[in-house]
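> Those letters in the sequence shown? Residues 1 to 313, by UniProt numbering. Below are the structure tokens for one structure; questions will follow.
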Amino acid sequence: MESAPGASKIEFDGVTTVLGDEPVLHRLRLSVPDGQVTVILGQSGCGKTTLLRHLVGLLPPTGGSVRLDGRDVWSLTSAELVSARGGIAAVLGGSHPFDSWLFSSMNVYENVACVLRRAGATDDEVHATTAPLMQEFGLAAFAGSFPEEIPAHARRRVLLAQALVSGMPLIVLDDVDTAFDSRYTGAIVRAIKSVNEKARATVLITTHDLDFAREVAHEVAVLWNGKIVSHGPPDVLLRGVRTGEEFGRRFFRSDLAGPLCRDVVEGGLRGGEPARRFFAIDPDLPVWCVVALLLLVIVFVFWSSAGTVFGGS
Ligand SMILES: Nc1ncnc2c1ncn2[C@@H]1O[C@H](COP(=O)(O)OP(=O)(O)OP(=O)(O)O)[C@@H](O)[C@H]1O
């Protein structure tokens with residue numbers, strides 16, 4: 001796919017994060033191509049939301065840089081950050097400003113339409129863009145209701161609809177499967193593909209839903225143990241992976257690094273001796289070594305006794 005003129009390019013470069021006592025990300029590198037749909041997959045709590053918060057300017061990383069169109073998000077002035085955020089439509093998990101983007105004083109229709117109105121769209125333009133998507137997302141019946149009057153999962157779809165009609169060059173959708181009632185999965189996939197193809201937006205998504213990732217993504221990145229451990233097209237990366245167990249088996253033991261340790265991560269940030277200690281032996285490795293050794297001994301014993309038997313005959 002060609003690079004999109006209005007789309008945003010994102011680079012996470014050596015991003016390290018310690019939250020409280022907990023190391024979350026460690027020297028993470030990821031290049032998100034502009035004009036494409038990239039999905040980040042990973043276990044619950046591995047740091048997907050944290051990574052997105054670094055990107056949209058809500059949470060500074062402890063180390064490393066996050067570049068949006070070549071500019072480090074965390075070196076921008078406040079005014080520049082506000083301007084950069086003006087090009088991002090984000091739906092994030094947790095209680096953050098981007099989540100509370102629904103205005104309690106506006107009905108659902110106006111909430112979906114407000115970004116378009118702010119950009120100067122006429123009533124007809126707003127209706128032409130907003131109404132079909134609301135229909136597809138099962139929101140038409142709620143158009144005149146206020147956010148607190150509708151169920152939480154429908155509110156989540158309102159946020160999703162708002163982001164997808166916004167026309168922003170960068171759309172960030174965190175934990176997108178929480179918006180799913182399976183009735184709307186197809187509509188959500190179609191809407192994301194359409195905004196990517198027609199508006200050439202860069203779309204960065206986190207989810208736990210492998211089928212959804214397979215359907216919507218140009219690129220999939222797997223986050224584990226603080227780093228991106230695999231990155232590529234879904235038909236290659238997820239071939240033969242159907243269940244969460246299969247996903248775990250394929251990706252979560254893909255290097256010998258043990259779990260992140262806070263002192264090691266912080267040592268790395270201070271320029272200390274991180275590399276040797278970070279690559280700690282996986283706790284399971286000695287077990288596999290013993291198993292392998294036992295197998296070798298069995299093979300050797302069998303081989304030597306077979307040699308004796310055959311040699312003696
Ligand atoms: N403000 C915070 N202070 C301390 N720890 C935090 C904070 N926010 C998140 N964490 C911890 O950081 C880790 C990463 O959390 P994060 O929400 O980024 O994971 P996630 O991959 O998005 O999880 P999920 O898939 O369940 O949404 C978790 O262990 C979480 O408990």
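The C-beta atom is built at its ideal place from N, Cα and C for all residues, glycine as well. Remember, it's a predicted structure, so these values are computed and weren't measured experimentally.
Which residue marks the beginning of the beta strand (DSSP E) containing A89, and which one marks its end?
Where A89 is concerned, the enclosing beta strand (DSSP E) stretches over I88 to V91.
> Cβ of T62 within 6 angstroms of any heavy atom in ligand 1?
T62: no, Cβ never under 6 angstroms from ligand 1.
> Contact defined as beta carbons within less than 8 angstroms: I believe T38 pairs with L204. What is the distance between those atoms, to the nearest angstrom?
That pair is a contact at about 5 angstroms.
> Where does F12 fall in DSSP's three states?
Strand at F12.
> Go ahead and label P169 buried or exposed: buried means 16 or more other beta carbons lie within 10 angstroms of its beta carbon, across all protein chains shown.
With 16 or more other Cβ atoms within 10 Å, it is buried.
> Ordered along the chain, which non-local residues of its own chain (more than five positions away) have a Cβ less than 7 angstroms from that of V241?
Correct list, in chain order: L210, F247 and R250.
> Does ligand 1 have a heavy atom nearer than 6 angstroms to the CB of S230?
No, since every heavy atom of ligand 1 falls outside the 6 angstroms radius drawn around the Cβ of S230.
> State buried or exposed for P151, treating a residue as buried only when at least 16 other CB atoms are found within 10 Å of its CB.
Classification of P151: exposed, given that the 10 Å Cβ count is below 16.
> Taking the alpha-carbon of A221 as reference, which of D21, L19, P23 and L51 has the nearest alpha-carbon?
Taking only the C-alpha atoms, the option nearest A221 is L51.
> Look at the alpha carbon of F278 and the alpha carbon of R190, and state the distance between them as a whole number of angstroms.
Residue placement at F278 cannot be trusted, given a pLDDT of 40 that sits under 50; the coordinates are not used to answer.
> Helix, strand or coil: which one does DSSP assign to F300?
It is helical.
> Could you name the residues that DSSP lists as bridge partners for L170?
Paired residue(s): I88 and T202.
> By the three-class DSSP mapping on this structure, what secondary structure does T17 have?
The answer is strand: DSSP assigns T17 an E or B state.
> Could you tell me if R155 is buried or exposed, where buried requires 16 or more neighbouring beta carbons within 10 angstroms of its beta carbon?
The residue in question, R155, is buried, as its Cβ has 16 or more Cβ neighbours within 10 Å.
> On the DSSP bridge assignment, give the partners of T38 in chain order.
Looking at the DSSP assignment, T38 forms a beta bridge with L204 and E219.
> What is the DSSP secondary structure of D72, reduced to helix, strand or coil?
Strand at D72.
> Does the segment 192 to 207 come close enough to the segment 224 to 243 that 3 or more CB-CB pairs lie under 8 angstroms?
Verdict: no, contact absent.
> Measure the alpha-carbon distance for L25 versus I192 and round it to whole angstroms.
Looking at the two C-alpha atoms, the distance is approximately 28 angstroms.
> Please go through the segment 97 to 177 and give each complete beta strand (DSSP E) segment of 3 or more residues, from N-terminal end onward.
Taking only runs of at least 3 residues, the beta strand (DSSP E) segments lying wholly in the segment 97 to 177 are 170 to 173.
> Quick check: what's the CA-CA separation for A163 versus D175?
The straight-line gap from Cα to Cα measures roughly 14 angstroms.
> How big is the Cα-Cα spacing for G244 and L296?
For G244 and L296, the distance between alpha carbons rounds to 33 angstroms.
> Enumerate in chain order the residues of its own chain whose CB-to-CB distance from R29 is below 7 angstroms, with the five nearest sequence positions on each side excluded.
Excluding sequence neighbours, R29 sits near F12, D13, G14 and I228.
> Note down the Cα distance separating residue 320 from I298, rounded to an integer number of angstroms.
Absent from the model: residue 320. The displayed extent of the chain is 1 to 313, so no value can be given.
> Once you ignore the five residues that flank E148 on each side, which residues in its own chain have a CB closer than 8 angstroms to its CB?
Only S104 meet the Cβ criterion.
> Beta carbon of K9, beta carbon of D72: below 7 angstroms?
No. Outside cutoff.
> Roughly how many angstroms separate the alpha carbons of T16 and E219, rounded to a whole number?
In a straight line, the C-alpha of T16 is about 23 angstroms away from that of E219.
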